[in-house]
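A.B. asks: Before anything else, here's the structure in question.
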Amino acid sequence: MIPKLFSYLIPIKIFKKKSARSKTIEVTWANGELVLDSENTNYSYGSLQRILRYGLRNIGYDKILKMDHILVLGVAGGSVIKTLAEEIKYKGKITGVEIDAEMIQVANEYFNLNQIEQLEIIIDDAFEFVLKTKEHYDLIIIDIFEDIKMPNFLFESFFSNRVCQLLKNKGFILFNTMILDEAHNVRNKKYISEIDSKLFSTKMLPRVEDHNELIIIEKVA
């Protein structure tokens with residue numbers, strides 16, 4: 001494929017669309033692989049896939065393989081779902097929640113997300129879904145961005161407490177955050193300090209791919 005070959009020299013954009021939710025969605029060949037970007041950052045595959053893969057590896061692929069149900073809040077192109085299903089060979093159920101239906105159309109067309117049999121996609125606001133769901137999960141992956149911004153609700157104690165309530169015993173939360181200034185550092189430290197240390201252990205993996213910090217929460221009691 002000619003665009004794929006040329007992409008080792010220069011990124012080749014093959015699709016661009018304005019989205020009401022995500023503003024700009026772009027699919028690009030870069031270094032021989034398809035990536036999904038917003039106007040200012042990588043949304044799926046590329047660096048984002050490396051970031052979340054690193055977080056999953058830190059939790060432990062052996063533990064993930066034993067899980068029954070994983071929740072992904074913020075699907076975009078579905079790179080972390082592909083990592084789970086195709087690289088780790090996870091066979092349990094995956095529920096993906098994505099607010100932008102147009103993003104899922106792109107994910108299906110360019111990244112074959114709809115070919116993952118154990119995946120259920122729900123078009124909904126993550127905040128609303130977390131309030132409504134009756135399920136409990138072994139792993140909850142939070143990867144929600146509006147371009148380079150993260151919605152404030154993600155860091156509010158009401159939301160974090162609710163997400164923690166949805167974990168099964170020995171379950172994990174993998175939360176991808178972006179650090180662009182000192183205020184973001186303070187925000188993340190405050191977030192960690194508000195997690196109940198009697199019930200949960202927390203770990204921070206800083207400066208993953210320059211600007212990302214992963215927060216891992218494990219339910220220990």
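Position 162 (the sequence shown) corresponds to 162 in full-length UniProt numbering; numbering is contiguous.
Where is the CB? At the ideal position from N, CA and C, for every residue including glycine.
Everything numeric in this text was worked out from a predicted model, so none of it was measured.
Would Leu119 pass as a contact of Ile81 if the rule is Cβ separation under 8 Å?
C.D. replies: For the purposes of this step, residue 119 is taken as residue 119 along the sequence shown, with counting starting at 1. For the purposes of this step, residue 81 is taken as residue 81 along the sequence shown, with counting starting at 1. Yes, Cβ-Cβ distance for Leu119 and Ile81 is below 8 Å.
A.B. asks: Whole angstroms is fine: what's the gap from Phe15's alpha carbon to Asn31's?
C.D. replies: Translated into the one-based positions of the sequence shown, residue 15 becomes position 15. Translated into the one-based positions of the sequence shown, residue 31 becomes position 31. Distance between the alpha carbons of Phe15 and Asn31: 16 Å.
A.B. asks: Take every Cβ of the segment 149–158, pair it with every Cβ of the segment 105–120, and state whether three or more of those distances are shorter than 8 Å.
C.D. replies: No, the segment 149–158 does not touch the segment 105–120.
A.B. asks: Report the residue ranges of all alpha helix (DSSP H) runs contained in full by the segment 28–112; include only those spanning at least 4 residues, in chain order.
C.D. replies: Fully enclosed alpha helix (DSSP H) runs of 4 or longer: 46–59, 61–65, 79–82 and 101–111.
A.B. asks: Checking the sheet assignment: what are the DSSP bridge partners for Lys168?
C.D. replies: Counted from its first residue, the sequence shown places residue 168 at position 168. In the DSSP output, where bridge partners are listed per residue, Lys168 has none listed.
A.B. asks: On the three-state DSSP scale, how would you describe Ile144?
C.D. replies: Start at 1 with the first residue of the sequence shown, and residue 144 comes out as number 144. In the structure shown, Ile144 sits in coil (DSSP, three-state: anything other than H, G, I, E or B).
A.B. asks: For Ser201, list the residues DSSP reports as bridge partners.
C.D. replies: The residue given as residue 201 occupies position 201 in the sequence shown. DSSP, once it has assigned bridges, lists Glu218 as partnering Ser201.
A.B. asks: Give the DSSP-derived three-state secondary structure of Tyr8 in the structure shown.
C.D. replies: The residue labelled residue 8 in the question sits at position 8 within the sequence shown. Coil.
A.B. asks: Going by DSSP, what residues sit across from Asn212 in a beta bridge?
C.D. replies: If you number the sequence shown from 1, residue 212 lands on position 212. For Asn212, which the question treats as bridged, DSSP gives the partners Met178 and Val208.
A.B. asks: Is there contact between the segment 164–184 and the segment 93–106, where contact requires at least three CB pairs shorter than 8 Å?
C.D. replies: Verdict: no, contact absent.
A.B. asks: Quick check: the segment 179–187 against the segment 163–170, are at least 3 beta-carbon pairs closer than 8 Å?
C.D. replies: Segments in contact, no.
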